[in-house]
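A.B. asks: Under the working numbering, the residues of the sequence shown are numbered -4 to 62, in order.
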Amino acid sequence: MSNNIPIHIQKAIKTLQKNEITEYHVYNKIAKRVKNPNNREILIRIASQEKAHHDIWQKYLGKPARP
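(1) Starting from A26, trace the alpha helix (DSSP H) both ways and give me its first and last residue.
(2) Looking only at its own chain, which residues have a Cβ that is under 8 Å from the Cβ of Q53, when we skip the five neighbours before and after it?
(3) Between I25 and Q5, what straight-line distance do the alpha-carbon atoms span, to the nearest angstrom?
(4) Classify I16 as buried or exposed, calling it buried when 16 or more other Cβ atoms lie within 10 Å of its own Cβ.
(5) Would Y22 pass as a contact of L38 if the rule is Cβ separation under 8 Å?
(6) Our contact map puts I8 next to Y55 with C-beta atoms below 8 Å; I'd like the distance itself, whole angstroms only.
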C-alpha cells in the first residue's frame, strides 16, 4: 500500500510506527517490575494498545518497525 503514499508521509508514518513499538516495549518492561497486580494489568493493557497502533501503521507501510 505504501506505493500510493507520498514519501514524506511514509517517513512520518514510519516515525509514528517506531514510537508505538518502542512504547509497547517500554510499558511491558515497566509492567514486569510493578508489584501491584492492578497497576501491572493497566500497563499491560496500555502496551497492548500501543502494539495495536503499531499494527495499524504497519498496514500502510507493509512492514513492522523496530524500536
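Ideal Cβ positions, reconstructed from N, Cα and C, are used throughout, including at glycine. Everything numeric in this text was worked out from a predicted model, so none of it was measured.
C.D. replies: In this structure, then:
(1) The residue labelled residue 26 in the question sits at position 31 within the sequence shown. That run of the alpha helix (DSSP H) goes I2 to R28.
(2) Stepping through the sequence shown from its first residue, residue 53 is reached at position 58. Same-chain partners within the cutoff: Q12, P59 and A60.
(3) By 1-based counting over the sequence shown, the position of residue 25 is 30. By 1-based counting over the sequence shown, the position of residue 5 is 10. So the two alpha carbons sit approximately 30 Å from each other.
(4) For this step, residue 16 is matched to residue 21 along the sequence shown. Flag for I16 reads buried.
(5) Reading the sequence shown from its first residue, position 27 is the one you call residue 22. Reading the sequence shown from its first residue, position 43 is the one you call residue 38. Going by C-beta atoms, Y22 is nearer than 8 Å to L38.
(6) Along the sequence shown, one-based indexing puts residue 8 at 13. Along the sequence shown, one-based indexing puts residue 55 at 60. About 5 Å; that satisfies the 8 Å criterion.
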